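Enquirer: Residue numbers (our numbering), protein chains in the order written: chain A, 1 to 317; chain B, 318 to 636; chain C, 637 to 1176. Note that CB positions come from ideal geometry on N, CA and C, so glycine has one too. Just so we're clear, the structure is a prediction, and the values are computed from it rather than from any experiment. After the structure tokens below, expect a handful of questions from me.
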């Protein structure tokens, strides 16, 4: 009989798959996230707004909310007035729909959300990889090595866990040029401690097992012991922790970018989109809210997956 | 146990020193020398040289580091460029405000979390349990700036119940009670934001811990002796489940402090977070260094104290 | 007033200079009905004062405007610089006269001017202030202003005499620059200790208001000073400055009625302010002008043809209309069109991409491999355009410039930077182009921006522009005492600068001030938003 996966896990994975699809396919279908379109005419439009786009003979592009023809003139409602353009000057005429609205520069918000999703997820994954690598290494060394080293490393880990992350990250970002690579580095370096603790705990548990002692007795070198006899048992709890940690990292990156010290504009990140949106929230409330919701959704999904994995593990045990 | 605590203490001091030194060296790498920041470009180069000398920038890095370190230890952390006052003064004014916000926020978080946890446990897997579990998860996932923005819009602009920013009102403070009421009104929204974003974690922890406790033998024994469920829950299970809450709270202290940073910026609350943010934006190096050291030390100390308190409180560990 | 470089930490909102009628968009003159005494006005500030002593700080124009309310000046500079250099009205000095040879200026101070601790304001304070201004240890940015003043003499407690080393049109302005500070209190602190003294503890002021409360980074409350010499003003009881770093916060509170005055309304929000019946929008023509500064030392930007081509290729009119929503005007030259020294006959650079392409080809910046991007020195010609990242208007402008120049085959990389990092690169000459702005002083002096920089004096000419003829004209203008001749020199210099296009002139700004209609009697003009604050009063 096939056992069904826990509901949470299914829900979480479902949301994640949708998100991944949106983020990978979206940028192919949606317009260019960096392309500005006549800020006066197409700026700060609500979701599902439609504009008429006119391209003139000299290359200028204008957008407006309504279009009328009158004789040999084309009238465009733009910037609270009718703009008269002789038909001879008009090279192209078209329409655009903004699925999620437009920002102050007339850029497509849906496209930017998808693009930002790629960036935020990439930053999250890369910094997670760094944290997991570093943390696993330290955890294994701590668990398998001499007890003095273990005590020293753990005391350091416990103390470093107490650092107020946002402050430290902000201070570091203040001195380094804000760049995506810097953000990945800083986030990774600030998250490895929890992983180290987890891996160490698991390693210590495994150390007492008979089959491990046997392998040790056989004289296998430590790195083989670590790779083939400890790691497989660490994998499952590590996966659960990593999933949850990924959500945390994405949240942290969003806050950092929101404050202006994460991913630098004009590269979109959910955090810096929210910050830009805040400046005009009175005119376009969806601009700060949509990226915030995107973050919430993704983090929620990861949390659900993590919990589901936990339930799965408990079910098996 | 004391040995472990001492090791932790030593490690904590090491970490604070490491962080402090890191800020110093990072600052020396920072683009935009201090002299550029201070000096208007129209000032002749000779005068700028004099300014550099005044701030000791002509000495080699190692010397500057030692001088700075001795200053830190004696309490002289330099002057802030932004405020033209000793950095310690600026921080001394900001710290109590953050402490106020953090403690009230933490209290709210606890109260909300405990209440939620208790409600969830009354009927496990029931309707309320599921709804509140979902709420906890959502509260954890939603970024702080969104929660703050939402509350701000709802209760400060849409329905002007609370003030939108700052810590004090505009009218001159009258008597103690008016000042207290005014302070409370300004504190409301920021503290609620802290409470809402953090209560989820507390509720989830407590729910799990209470469920575990309820399975214990002594609970069954009390129920068998005729005690009501409520009494058993509140008087027997809760205190034991709440004990590890100390550690959870201790661990959440750094997140609390980080969380208040965003909240202080959004609500213009004049605490460490806002001062720090202004300092970072303006590249006010002495202030950044001092604030980082102070906050790190405070949080690391708080964590260590929580650890010690837990060790003291739990007889099982004291042995 | 001297030039101050426009720092871009706050959002710069410069709109159009609706030129001709200077009073067209300012409020009507104060009403003749009896003003009501009392009440308070709340002003939103983006940044708290960096200190109360302008000689140790690096005060912004807004900060200086606030210090105007607390510390006296000898004279009040009038905002009438459109047809001639600004005139002066009495302030601390009730009368003044020049000697026969114009080398001595005698000022007669008011007898009833008092510091907030009751001590009279005397000539001793003026002399002390002069010593402070000249002191090399303090490195006050305005020090050069006092170069031609040899000494300040105390003739009697109410009579002070300035001695000049030469005669020139700006003697009165130079003597007046800088607030007077209290000798009897601040004089007790040795000057070398001034940079780290907290003057808020030694606060003794003399003006229409004095400091009632200062909560750093939150609120500054100014209360009416009963000792002010121009009784019964000020009419208001208090002016409260609320520090709100985010413009969106400032506006939200303005609309909610919690704040009465916002100093820089972004152009996008101007319509909302105008539509609100409780508020009004005042457009103040400013002397700020924005530009793209090309690195004149770096090839191929050192070739005038390339720079002229870049100016022709940027659709400046569309840029101004898009970014500033019509609240700005096209800038043509180094001196804003609202000023008396503006050369009305300057040629206007049109938007002409065709001619731009021709010039670029002639200069050797060609697209040899047909990929649509021009090359220079074998590599694709890319311009890194630096701008302060915190300023959204600059960000918009940068993106539009990128789009325009792409059409003529030049790749632009807009690079947002943190302000001090940008300044460092400017200083080092390590940049291609910078998007920036400049506030022209009421004293028109081309020296700091357009004269070849020398290693001994400070200069704002970071782009490295050098034209010996312009240098010569600027020097002549500086030393000439006949205003008509000065204008001729300046006109010719402007022509040369426009021909050389060391920068692409973008826009001339207008400051948009949003204020509550409760405020009456305010004359918001280009000198300072708080120009006649003592005369403001509230509607009943």
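From this set, B/513, B/585, B/621, B/417, which residue's C-alpha is nearest residue 433 of chain B's C-alpha?
Expert: Measuring from the Cα of residue 433 of chain B, the nearest candidate turns out to be B/513.
Enquirer: If you reduce the DSSP assignment to three classes, tell me which class residue 652 of chain C lands in.
Expert: Confidence at residue 652 of chain C is low in this model, with a pLDDT of 41, below 50, so its placement is unreliable and no value can be given for it.
Enquirer: Using the beta-carbon of each residue, which ones in chain B are nearer than 8 Å to residue 218 of chain A?
Expert: Simply none; closest approach about 34 Å.
Enquirer: Under 7 Å Cβ-Cβ, which residues of chain C neighbour residue 402 of chain B?
Expert: What residue 402 of chain B touches in chain C: 834.
Enquirer: Check the C-beta distance from residue 38 of chain A over to residue 111 of chain A and give it rounded, since I have them as a contact under 8 Å.
Expert: At roughly 16 Å, the Cβ-Cβ gap does not stay under 8 Å, so residue 38 of chain A and residue 111 of chain A are not in contact.
Enquirer: Are the stretch 519 to 535 of chain B and the stretch 421 to 440 of chain B touching by the rule of at least three beta carbon pairs closer than 8 Å?
Expert: Flag = yes, the stretch 519 to 535 of chain B and the stretch 421 to 440 of chain B touch.
Enquirer: Is residue 877 of chain C helix, strand or coil by DSSP?
Expert: DSSP places residue 877 of chain C in strand when its eight states are reduced to three.
Enquirer: Roughly how many angstroms separate the alpha carbons of residue 108 of chain A and residue 35 of chain A, rounded to a whole number?
Expert: Answer to the nearest angstrom: the Cα atoms are 8 Å apart.
Enquirer: Suppose only complete runs of 4+ residues qualify. What are the alpha helix (DSSP H) ranges in the stretch 886 to 918 of chain C, listed by chain order?
Expert: Fully enclosed alpha helix (DSSP H) runs of 4 or longer: 906 to 911.
Enquirer: Within 10 Å of its beta-carbon, does residue 219 of chain A have 16 or more other beta-carbons around it, so buried, or fewer, so exposed?
Expert: When all chains shown are included, residue 219 of chain A counts as exposed.
Enquirer: Among C/944, C/999, C/1002, which has the Cα closest to the Cα of residue 626 of chain C?
Expert: Because residue 626 of chain C is not part of the residues shown, which for chain C are 637 to 1176, the question remains open.
Enquirer: Tell me which residues share the same chain as residue 131 of chain A and place their Cβ nearer than 6 Å to its Cβ, disregarding the 5 neighbours each side in the sequence.
Expert: The residues are 188, 191, 192, 195.
Enquirer: Along the stretch 1021 to 1033 of chain C, where does the CB come closer than 8 Å to a CB of chain A? Name the residues.
Expert: Listed by position along the chain: 1025, 1026, 1028, 1031, 1032.
Enquirer: Pull the bridge partners of residue 858 of chain C from the DSSP assignment, please.
Expert: Its beta-bridge partners are C/847, C/875.
Enquirer: List in chain order: all unbroken beta strand (DSSP E) runs of 3+ residues lying wholly within the stretch 984 to 1048 of chain C.
Expert: Fully enclosed beta strand (DSSP E) runs of 3 or longer: 1018 to 1024.
Enquirer: Could you check if residue 535 of chain B is buried or exposed, using at least 16 other CB atoms within 10 Å of its CB as the buried criterion?
Expert: Exposed, because fewer than 16 other Cβ atoms sit within 10 Å of the Cβ of residue 535 of chain B.
Enquirer: Tell me the DSSP bridge mates of residue 522 of chain B?
Expert: In the DSSP output, where bridge partners are listed per residue, residue 522 of chain B has none listed.
Enquirer: Counting Cβ pairs, one atom from each stretch, are 3 or more of them under 8 Å apart for the stretch 762 to 771 of chain C and the stretch 814 to 828 of chain C?
Expert: Segments in contact, yes.
Enquirer: Return the residue from the list C/788, C/930, C/950 that minimises the CA-CA distance to residue 1097 of chain C.
Expert: The option with the nearest alpha carbon to residue 1097 of chain C is C/930.
Enquirer: Does the beta-carbon of residue 503 of chain B have 16 or more other beta-carbons within 10 angstroms, so that it is buried, or is it exposed?
Expert: The residue is buried, with at least 16 neighbouring Cβ atoms inside 10 Å.
Enquirer: With DSSP run on the structure shown, which of helix, strand or coil describes residue 1145 of chain C?
Expert: In this structure, residue 1145 of chain C counts as strand in the three-state DSSP scheme.
Enquirer: Taking residue 368 of chain A as the reference, give the member of A/171, A/140, A/250 with the closest Cα.
Expert: Past the edges of chain A, shown from 1 to 317, lies residue 368 of chain A, and the structure says nothing about it.
Enquirer: Touch check for the stretch 1016 to 1033 of chain C and the stretch 1041 to 1060 of chain C: three-plus C-beta pairs under 8 Å?
Expert: Enough Cβ pairs lie closer than 8 Å, so yes.
Enquirer: Does residue 761 of chain C come out as helix, strand or coil in the three-state DSSP assignment?
Expert: Helix, per DSSP.
Enquirer: Tell me whether the beta-carbon of residue 603 of chain C lies closer than 8 Å to the beta-carbon of residue 947 of chain C.
Expert: This structure cannot speak to residue 603 of chain C, because chain C is shown only from 637 to 1176.
Enquirer: What in chain C is Cβ-close to residue 484 of chain B, meaning under 7 Å?
Expert: Going along chain C in sequence order, the residues near residue 484 of chain B (Cβ under 7 Å) are 854.
Enquirer: Is there a C-beta anywhere in chain C that falls below 8 Å from the one on residue 384 of chain B?
Expert: False, the Cβ-Cβ gap to chain C never drops below 8 Å.
Enquirer: For the structure I just gave you, are there three or more beta carbon pairs, one from the stretch 299 to 307 of chain A and one from the stretch 243 to 255 of chain A, closer than 8 Å?
Expert: Yes, the stretch 299 to 307 of chain A touches the stretch 243 to 255 of chain A.
Enquirer: Beta-carbon within less than 7 Å of residue 183 of chain A's beta-carbon, same chain only, minus the 5 sequence neighbours each way: which residues are those?
Expert: Around residue 183 of chain A: 123, 253, 256, 262, 263.
Enquirer: Once you ignore the five residues that flank residue 64 of chain A on each side, which residues in its own chain have a CB closer than 6 Å to its CB?
Expert: Excluding residues within five positions, the ones whose Cβ falls inside 6 Å are 41, 52, 76, 77, 78.
Enquirer: What in chain C is Cβ-close to residue 59 of chain A, meaning under 7 Å?
Expert: Neighbours of residue 59 of chain A on chain C, chain order: 1043.
Enquirer: If you measure beta-carbon to beta-carbon, which residues of the stretch 277 to 311 of chain A are closer than 9 Å to chain C?
Expert: Within the stretch 277 to 311 of chain A, the qualifying residues are 278, 279, 280, 281, 282, 283.
Enquirer: Of all the CB atoms in chain A, is at least one closer than 8 Å to the CB of residue 522 of chain B?
Expert: No, residue 522 of chain B lies away from the interface with chain A (no Cβ there is under 8 Å from its Cβ).
Enquirer: For residue 744 of chain C, does the three-state DSSP call read helix, strand or coil?
Expert: Three-state result, residue 744 of chain C: strand.
Enquirer: Using a beta-carbon distance below 8 Å, is residue 341 of chain B in contact with chain A?
Expert: No, its Cβ sits nowhere closer than 8 Å to a Cβ of chain A.
Enquirer: With 16 as the cutoff for other CB atoms within 10 Å, does residue 393 of chain B come out buried or exposed?
Expert: By the neighbour-count rule (16 or more Cβ atoms within 10 Å), residue 393 of chain B is not buried but exposed.
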